[in-house]
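**Q** Counting from 1, one number per residue, gives the positions in the sequence shown under the UniProt record's numbering. Virtual Cβ for every residue (Gly too), placed ideally from N, Cα, C. The model shown is predicted, which means the values in this text are computed figures rather than measured ones. One structure, pasted below without further comment.
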Amino acid sequence: MRVLMIGPPGCGKGTQSVRIAGHYGIEHVSSGDLLRRHVAERTTIGRTVEQCMQRGDLVPDHIVMDILRKPVEAASRRGGYVLDGFPRTVAQAEAAYRVAEPLGAAVRIALYLKAGRAELIRRLLARGAQTGRTDDTEQVISHRLDVFDEAAGPLLAYYTHRETLITIDGDQPVSHVTEAAIRRLDQARQQLGMPDISLAGTGGTQRTHQATISATTPARAAYAALSTRRHTDPGRH
1 MRVLMIGPPG
11 CGKGTQSVRI
21 AGHYGIEHVS
31 SGDLLRRHVA
41 ERTTIGRTVE
51 QCMQRGDLVP
61 DHIVMDILRK
71 PVEAASRRGG
81 YVLDGFPRTV
91 AQAEAAYRVA
101 EPLGAAVRIA
111 LYLKAGRAEL
121 IRRLLARGAQ
131 TGRTDDTEQV
141 ISHRLDVFDE
151 AAGPLLAYYT
161 HRETLITIDG
171 DQPVSHVTEA
181 AIRRLDQARQ
191 QLGMPDISLA
201 GTGGTQRTHQ
211 ATISATTPAR
221 AAYAALSTRR
231 HTDPGRH
């Protein structure tokens, strides 16, 4: 199963990607995590994209494609992925399709998390206060949301026509969003005639995920942690 997560900054893409990937036992591939790793390690790519990320601008297409190609190919061979943070424009979507389709690794379902602007700003400011992320200031947040809004309409139209597009209300509590997403994904998989997937930790041979796919923990381990954690703030994603 191959799923793309679309949504504005602060909508909960990262959290929901980990939870969905963990549920189905597939990989979580995050372009943002991979880019931030390059910035932290001061690689050539990291030095190139750092200022783009701090301003809230899109990182050049060819750079994101380069860092995602191998993780996406590897995840597809191991059973599938949830791709979080890319593509963000129609041009990126078309380029990704041209590369992935011959390899049998193209996205089949796009999941769009929508949320109100005021709630997105609240979440991102809270995240910035907690983590110290330099791109979570009010000015940068507003710019990032404007950049997303400008590209969102054409991108959603693209996936409506090319793939199966699912829209979920991201303003709900975390667990409600996950439940709605999994229910709709199961419906879409059935409609597309996709084979059943053994849930994480059940069924036949258990796959081993490699940490290089994401800059964080493997999806199954992260999902297990999220599943046992009590959410004291149900609106936080």
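For Val18, count neighbouring Cβ atoms within 10 angstroms of its own Cβ and tell me buried if that reaches 16, exposed if not.
**A** To locate residue 18, count along the sequence shown from 1; it is residue 18. Answer is buried; the Cβ neighbour count reaches 16.
**Q** If you draw a straight line from the C-alpha of Val90 to the C-alpha of Ser76, how long is it?
**A** Counting from 1 along the sequence shown, the entry for residue 90 is found at position 90. Counting from 1 along the sequence shown, the entry for residue 76 is found at position 76. Straight-line spacing of the CA atoms in Val90 and Ser76 works out to 22 Å.
**Q** What first and last residue would you give for the alpha helix (DSSP H) that runs through Ala118?
**A** Looking up residue 118 in the sequence shown gives position 118. Segment 117-131, the alpha helix (DSSP H) holding Ala118.
**Q** If you count every other CB in all the chains shown that lies within 10 Å of the CB of Asp84, and 16 or more means buried, which is it?
**A** Along the sequence shown, read from residue 1 onward, the residue named residue 84 stands at position 84. Buried, because 16 or more other Cβ atoms sit within 10 Å of the Cβ of Asp84.
**Q** Would the segment 139-148 count as touching the segment 39-56 if we require 3 or more Cβ pairs under 8 Å?
**A** Yes, since at least three Cβ pairs between the segment 139-148 and the segment 39-56 fall closer than 8 Å, the two stretches touch.
**Q** Whose CA, out of Leu111, Tyr81, Ala157, Pro71, lies closest to the CA of Ile6?
**A** Taking the sequence shown and counting its residues from 1, one reaches residue 6 at position 6. The shortest Cα separation from Ile6 among Leu111, Tyr81, Ala157, Pro71 belongs to Leu111.
**Q** Applying the criterion that 16 or more other CB atoms from any shown protein chain within 10 Å of the CB defines a buried residue, is Arg42 buried or exposed?
**A** Within the sequence shown, the letter at position 42 stands for residue 42. So Arg42 counts as exposed.
**Q** Could you give the DSSP three-state label for Asp169: helix, strand or coil?
**A** For the purposes of this step, residue 169 is taken as residue 169 along the sequence shown, with counting starting at 1. Reduced to three states, the DSSP call for Asp169 is strand.
**Q** Is Leu83 helix, strand or coil when you go by DSSP?
**A** Stepping through the sequence shown from its first residue, residue 83 is reached at position 83. In this structure, Leu83 counts as strand in the three-state DSSP scheme.
**Q** Which residue or residues does DSSP assign as beta-bridge partners of Tyr112?
**A** What you label residue 112 is simply residue 112 of the sequence shown in a count that begins at 1. Its beta-bridge partners are Ile6, Thr167.
**Q** Tell me which residues share the same chain as Arg184 and place their Cβ nearer than 8 Å to its Cβ, disregarding the 5 neighbours each side in the sequence.
**A** Counting from 1 along the sequence shown, the entry for residue 184 is found at position 184. Hits under 8 Å: Leu111, Ile166, Ile168.
**Q** Straight-line CA distance for Glu101 to Met194?
**A** Taking the first residue of the sequence shown as 1, we reach residue 101 at position 101. Taking the first residue of the sequence shown as 1, we reach residue 194 at position 194. In a straight line, the C-alpha of Glu101 is about 17 Å away from that of Met194.
**Q** Tell me whether Glu41 sits in a helix, a strand or coil according to DSSP, three-state version.
**A** Start at 1 with the first residue of the sequence shown, and residue 41 comes out as number 41. Three-state result, Glu41: coil.
**Q** Just to confirm before moving on: does the CB-CB distance between Asp196 and Gly116 stay below 8 Å?
**A** Working through the sequence shown from its first residue, we reach residue 196 at position 196. Working through the sequence shown from its first residue, we reach residue 116 at position 116. Against a cut-off of 8 Å, the Cβ pair of Gly116 and Asp196 comes out as no contact.
**Q** Determine the direct distance from the alpha carbon of Met1 to that of Gly25, and round the result to whole angstroms.
**A** One-based indexing of the sequence shown puts residue 25 at position 25. One-based indexing of the sequence shown puts residue 1 at position 1. Each residue's alpha carbon lies about 10 Å from the other.
**Q** Tell whether a beta-carbon distance below 8 Å holds between Val109 and Ala188.
**A** Mapped onto the sequence shown, residue 109 falls at position 109. Mapped onto the sequence shown, residue 188 falls at position 188. Position check: residue 109 holds Ile in this sequence, whereas Val was assumed. Closer than 8 Å, so yes.
**Q** Here's the rule: buried if 16 or more other CB atoms are within 10 angstroms of the residue's CB, otherwise exposed. What is Gly10?
**A** For the purposes of this step, residue 10 is taken as residue 10 along the sequence shown, with counting starting at 1. Burial call: buried.
**Q** The beta strand (DSSP E) spanning Val29 covers which residue range?
**A** Residue 29 sits at position 29 when you count from the first residue of the sequence shown. It spans 27-30 - the beta strand (DSSP E) in which Val29 sits, taken as one unbroken run.
**Q** Would you identify the three-state DSSP class for Arg78, choosing helix, strand or coil?
**A** Stepping through the sequence shown from its first residue, residue 78 is reached at position 78. The answer is coil: DSSP assigns Arg78 none of H, G, I, E or B.
**Q** Got a sec? Which residues, its chain only, sit under 8 Å from Val72 by beta carbon, not counting five neighbours each side?
**A** Here residue 72 is taken as the residue at index 72 of the sequence shown, counted from 1. The answer, listed in chain order, is Val29, Tyr81, Leu83, Ala100, Ala105.
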